[in-house]
Structures are given as C-alpha cells and as structure tokens.
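Residues in the first sequence are numbered from 106 upward in steps of one, following my numbering.
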Amino acid sequence: MNISEKISGLVIQCISKLYQKDIETEKIILQQTRKEFEGEITLVVFSLGKTSGKKPEQTALEIGEWLKTNTDLIVDFNVVQGFLNLTIANFYWLEVLHEQFLNTQYGYVKTIAEKVLIEYSSPNTNKPLHLGHVRNNLLGFSLGEILKAAGFEVIKANLVNDRGIHICKSMVAYQKFGNDETPESAGLKGDHLVGKYYVRFDQEYKLEIKNLVDSGISEDQAKKTASIMQEAQQMLLDWENGIPKVIELWEKMNSWVYEGFAITYKQLGVDFDQYYYESKTYLLGKEIVEEGLEKGVFFRKPDNSVWIDLTADGLDEKIILRADGTSVYITQDLGTAEQKYHDFGMDQSIYVVGNEQEYHFKVLFLILAKLGKTWAKGLYHLSYGMVDLPSGKMKSREGTVVDADDLMAEMINEAKIQTESLGKLDDMPNEQKEVLYSQIGLGALKYFLLKVDPKKRILFDPKESIDLQGNTAPFIQYTYARINSVLRKVNVDVSEIKLNTIDLPKAEKEIIVQLANFPAIIQSAAKERSPAVVANYLFETAKEYNHFYHSSPISTESNQDLKNLRIAISSATASILKNGFSMLGIQVPEKM
RNA sequence: GGUUUGGUAGCUCAGUUGGAUAGAGCAACGGUUUUCUAAACCGUCGGUCAUAGGUUCGAAUCCUAUCCAGACCA
C-alpha cells in the first residue's frame, strides 16, 4: 500500500469520526506538497465542505488536528486556505528508503496480471531504417519493458513487410542495373545496398515519366505506361505465381536486408520474441471475409466486391475485398490479428504504428468488434507523431532521410569528442572507452526521442546535433556515474547498512519523497503507454539528487547515522536511475 | 467537406482525476572547485498557457465556437 492509499484510509476514518459521514475514496484529493510549504502530502479540502458543513479552513484544521493526535503516521500539519499540508513521520520515509536500497527491483510488480503483445518496428525490406523507424523501435521496445515492470507478460512481435510492389521496385532496379553487385563487393550493409536500388528505381521511373510527358503523353498516362513500373508489376505477379527466378532474387535481396537490420537492431538494443512475415500472412483474412458475409456484417456489391458500411459509426464505407477477389491491406490485417490471437491468446494487443494510420486502425478494430471477436476490446493503436526535418517529411525514395546507422555513428562520435575534451578518462582502457561513447551517444539519441509525448511530432534538425547537456541522457548517466564514484570511495557494503531513526534534513527528505514515487511512475507510464513519463521522472530525480549531493557531503560526514542515511539515499537513487533507464533501453556507465 | 492530434518562455518540452504564485532544460548574463566526478550546482532574465465565450469556490486542464499546424478519410 502506498502513502496516498494509507492517508486516504485515515482521512475516511477521520471524517466518519468527526462528522459521522461516509465518503468515497475518489472524493479525497491528495497531492504532493509544493516545495515552498512544510509537509509532504497535501489534502485538498475544498470539496469536503459539504461533508463537514464548515468552511474549508475550519475543516482542514479539524482534520489535521484529528490526524495528528490519532495517528502515528502524521506528526504535524499546517493549513493554507483549503490546503491541509501533512508532515509524515520520519519512520515512514526511512522504511521506504530501507526497502529501496535493499530491493534492487523496487517498484516492479512481480505477479503477472495480463498478457500483452506489442507489435512494433515492422519494417519494409526495400530500404534501410531511418530516424522515423528509430522512434518506432524505441517506443515499442521501451513500452514492452515498462509493461514488464508493471506486471505484464510481454510478447514483442515484428511483422516484416517483405512483399509487395515496393519490394519489387528495388528488385527490378537491381536486376537492370545491379551487375550482380553484393554487399561485400559494394562494401555496403545489405539493407543500404537494397535501398540504393529502391532510390535508383524511383530515379529511372521519374526520368521515364518525364520523357513520356515530353513526347506529349499526359502525366497520369505516363505513370501507368512507364515500362519500368510495368516490369515491377509483372514481377509482383511472377512472385505470387512462385516463378523460381524471381523467388530466388527476392530471397537473396531480403537476406541482405535482414543481415543489415540485425546489425541496426543490435546497436539500437531492441529485440523480438516473434517474427511474422507478410509473405506468409498476406493471404490470411479471406475466411474472415466469409464469416463477415454470413453474419451480415459485410455486404457484397453487384461487381462482387465486399464492403462494410461504417457510416453509422461516423466513418465511411470501406472495401474489404476487391471485385477480382484480391485482398486489400485491411483484409490481411484482419487475418493477422486473428492469427496473433490464435498464437498467443493475449489480453491486449498493441500496434506501434505512426499516426498516419489512425484511421486504418480505427476501422480495423471496429470491424473486429462488429464480427464479435471477444478479444477486440484489447486492441490498441499506439499512435505516434512523425519525425520531420526542417525541410519536411522524410522520404526514402527521394533520399531525404536521416539514416539510422549514420545517425547512431554520429552520436557516438559526438560523445567521443565531448568526452575526450573533458579529459577525465585518460586511464581508462580503450575498449571500455568505446563502450562508454556508445552508451552516451546512443543514450542521448534514445532519450531525445523518448522524452517527448509519443503523440507529438518531433522536428529533427540534422544541422544541430543532439544536446549532451541539460535534460538529456548524459546528465542522468553522469549522476549515476558520480554516485558510483562516491560509493566506491566510502567503500561499505550497502546491504549491511542499518538506518537509525534520525531527524531528516530537508534535502534528504525531498530526495526520499521523490524516490518513493517510482512505483507509481511505472504504473502511470504503463497505463498511459508513454515512456516519456519515465524519462521525465528520471530527469527530475537526477536533478533532485544533484541538489542533495551538493549540500550533503558523504565521505567526510562524521555523524555515522547521517552518513549511512546518505549512502542509502545514494544507493537507492542509483538503482532507480539504472532500472528506469533500462526501461528506456538506455545503459548507465560506472564511470564517465 | 469530414474525422483526428497538437498549439504553454526566443528554442525544446513538463504540467497526474480541474487546486496554491504555470515549471524544467537550452540560449543570454552573473556566481560556485585547497571539499565525495564542474557532463554538476546556485542565481538573474524570460509567460495574454493560440483567441473568444461558458461551466464553478477554483480552469493550461472540462464544454462551445474560431484561428494556426500536422495526419488521415473521400
């Protein structure tokens, strides 16, 4: 039971004793006391006026007095207008702290309540990953870690988009212009090599359109008749018909891409429990179409196409199956959703996909609900904003992207320059330095993307490198490293420390109160499905600790009780920073 | 045209179910190291919370309308 729940209980008791009235827990509004006032928890009394029949200040005074005299937990109070500021007994804070530094998994919920599947990343195999994908990957991974900490069983899934016309485009371009180039011969990562031909296709295609338009054909017509596009469409048909030569090329090029992705994923630190491939799932969903027709949820038009009418739900009529019987995206997604439920029987299924697909998922979830799928209520689209450049949207085929591999390399290099210029680590072995640069550089990148609310779009200016000072990962990493340094200096076994009840100085109490919020933060981040909640909390915590650090010497403190207290606080802070960061996929260095 | 998300300091963002004088970081300026890591700390400057109404003891937060930006559906 956390402190708010405890106090709520006490206030209910108090009101029943003082005013002979019962009150619902929801009516009791508690918040953290603002720094400028005495106390740690504040009861907002305005809404209790009706219950007490008295003015807010009078009510606050009466409740405060009762709590002070009748409970051990509350030792003092003060009233400001309708706010009752409560001072909690030191023994409580010491208890919390004690639990924290003994339990390195403080705040984690160990009993598994529900199973949740998170689908994220879901790349196309025709080009390398860019900054937008990085946001997706980090959000998906991080949310998975947060949900695990909050007591969910998590399955991370990746639905690879490995077929379709866009894949055929790079294949056609490679066939025409590739000269049997390989990643080895070109000295390129496999995904970059394939991406090169995706760009090449677009260039050739545009050129051909231009020539056709110049010869007097309309642009629309030119787009359709361009021979390179027709080749791509033919290749898609050949692929569907399993023409060996095409399948072979497809397999070869995809395998290059997978080798490239594996490297990028590894460096990003993301992983998956389950892979789905669109090439294996794209025919799913046709049975659902039958099911929908039988149930009367779908209807067939005279031209034989299948539709659903969602106008009553404020949406449109949506096509489910084309007149020629071929699938559209939503058909596959219906099938894949059912497949996933069949495979895992999860309670919740989260799709981490950009906000451009909000409409699509609204339709998908609605259809599944209308089909009477009991699991449809557990579907959720984690929609996030685009990462845009000052010049606008990133487009792979036009080459206007911030490449994930390049960016990571730049960030690591930036971290290296910065670290070397500080010149504190001259005695560190080179191998260790490389690890550190990567922790700092990647940490800064990840934090940059995760600290903002997923709903918001992010503007990334490649000309301005990502900060390493202020509200950044290195700030928090530094706080961690510094705590480690102090703990090395005092050289005690933290688990052996006994905390005696002593007066808590203000700085000490403030940081303990901050640390005590960690379990609630995990829950709130899980509920809101937002790693940003964790990121912002960790920044506040690090800031609070730094404030404490500068006013509270540890190694030179002669009062043993106070020294132990500070060691305990430092140790607890370190483990919260480390655990919190691990939920964001960011590592902490022992030294920096 | 419709749906939807956002708009908070020069810039990047926090701001819990409505609560106290709207907070951080960056940038700018000033200070702190014979003391445990100065990637730090302390201070100064900076606000019509897009706009206008409404709800109420109380609104950045809820409601309505409008403006701006993004995304999507025709």
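Where a beta carbon is used, it is the ideal one built from N, C-alpha and C, also for glycine.
Within the stretch 395-470, the alpha helix (DSSP H) runs of at least 4 residues that lie entirely inside it are, in chain order, 434-449. In this structure, the straight-line span from the alpha carbon of G245 to that of S687 is close to 14 Å. Excluding the 5 residues flanking it on each side, G295 has same chain C-beta neighbours closer than 6 Å at P288, W361, V362, E364 and G365, in chain order. For V597, the number of other beta carbons within 10 angstroms of its own is below 16, and it is reported as exposed. Collapsing the DSSP output to three states places D296 in a helix.
Straight-line measurement puts the Cα of Y310 at about 15 Å from the Cα of S323.
Relative to F623, the option among F470, G212 and T130 whose CA is nearest is G212. Only exposed fits H652, as fewer than 16 other CB atoms lie within 10 angstroms of its CB. With a contact defined as Cβ atoms closer than 8 Å, L222 and S454 qualify at about 5 Å. Taking C-alpha positions only, D319 is separated from N266 by approximately 36 Å. A direct Cα-to-Cα measurement between T436 and W198 gives close to 56 Å.
In this model, L667 and M491 are separated by some 49 Å (Cα to Cα). When DSSP states are grouped into helix, strand and coil, L487 belongs to the strand group. According to the DSSP assignment, T192 belongs to the beta strand (DSSP E) that extends over F188 to I193. Here DSSP, grouped into helix, strand and coil, assigns I134 to strand. Taking C-beta atoms under 8 Å as the contact rule, Q372 and Q544 fail to qualify, at a distance of about 12 Å.
At least 8 Å separates the beta-carbon of V201 from that of I681. Under the DSSP definition of a beta bridge, V221 partners with V259 and Q453. DSSP, reduced to helix, strand and coil, places F565 outside both helices and strands of the structure shown, so it counts as coil. Under DSSP, G497 forms a beta bridge with L494.
Your pair L547 and S247 does not check out as a contact, with CB atoms roughly 13 Å apart and the cut at 8 Å. With the rule of 3 Cβ pairs closer than 8 Å, the stretch 629-647 counts as touching the stretch 581-595. Collapsing the DSSP output to three states places Y303 in a helix. The stretch 520-533 makes no contact with the stretch 352-361, as fewer than three CB pairs between them are under 8 Å. F466 and G390 have their C-alpha atoms spaced approximately 16 Å apart. By a beta-carbon distance limit of 8 Å, I425 contacts V411. Their separation comes to about 4 Å. Per DSSP, reduced to three states, the secondary structure at Y381 is strand. The way I'd put it, the stretch 492-505 does touch the stretch 554-569; three or more beta-carbon pairs between them come closer than 8 Å.
By the C-beta density criterion, A509 is buried, having at least 16 other C-beta atoms within 10 angstroms. Of the residues V180, G154, F206 and K173, the one whose Cα lies closest to the Cα of Q186 is G154. Around the CB of K253, 16 or more other CB atoms lie within 10 Å, so the residue is classed as buried.
When the five nearest sequence neighbours on each side are left out, the beta carbons in the same chain lying within less than 6 Å of the beta carbon of H203 are those of L604, in order along the chain.
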